[in-house]
Amino acid sequence: MLGKVILVAVIGAVLAQKPEEVRSGLQDVAILNEKRSHDVSGKYDFGFAAEDGTARVEEKTDDGEVRGQYQYVNDDGETVVVKYTAADL
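In mature numbering (1 follows the signal peptide of the UniProt record, and there is no 0), the protein residues as written are -16 to -1, 1 to 73.
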């Protein structure tokens, strides 16, 4: 639940920015691959990988658990990978 609250707060902060603030200094990056699927039970999975080393995958399982990871290349050229899991308590 806390993970969902944090996710909503982050999305709200991004959406509250003016468009020029969001785009400042950014360049378009090609998406190398992408996948999406969902079913009527609420299960889903999605993912993408971009040419700049950015990637994300996430899935929601039968038991409602959400698992995923994202990665990006930091200013030192190192790939940073963050894994997460969220489930109802």
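Beta carbons: idealized from backbone N, C-alpha and C, even for Gly.
These numbers were taken from a predicted model, which means no experiment stands behind them.
Can you list, in chain order, the residues of its chain whose CB lies under 8 Å from that of residue i, leaving out five sequence neighbours each side?
| i | result |
| --- | --- |
| G37 | Q55, Y56, V57 and T63 |
Please go through the same chain and pick out, in chain order, the residues whose beta-carbon is closer than 6 Å to the beta-carbon of residue i, but skip the five residues on each side of it.
| i | result |
| --- | --- |
| K19 | G31 |
| N17 | A33 |
| T69 | R51 |
Can you round the beta-carbon distance between residue i and residue j to whole angstroms, since I take them to be within the 8 Å contact cut?
| i | j | result |
| --- | --- | --- |
| Q53 | K44 | That pair is no contact at about 14 Å. |
| E35 | A14 | 5 Å |
| G48 | D72 | 6 Å |
What's the gap between the Cα of residue i and the Cα of residue j?
| i | j | result |
| --- | --- | --- |
| K27 | G9 | 36 Å |
| S25 | A33 | 26 Å |
| V65 | D46 | 25 Å |
Within the continuous beta strand (DSSP E) that includes residue i, where are the two ends?
| i | result |
| --- | --- |
| N17 | I15 to H22 |
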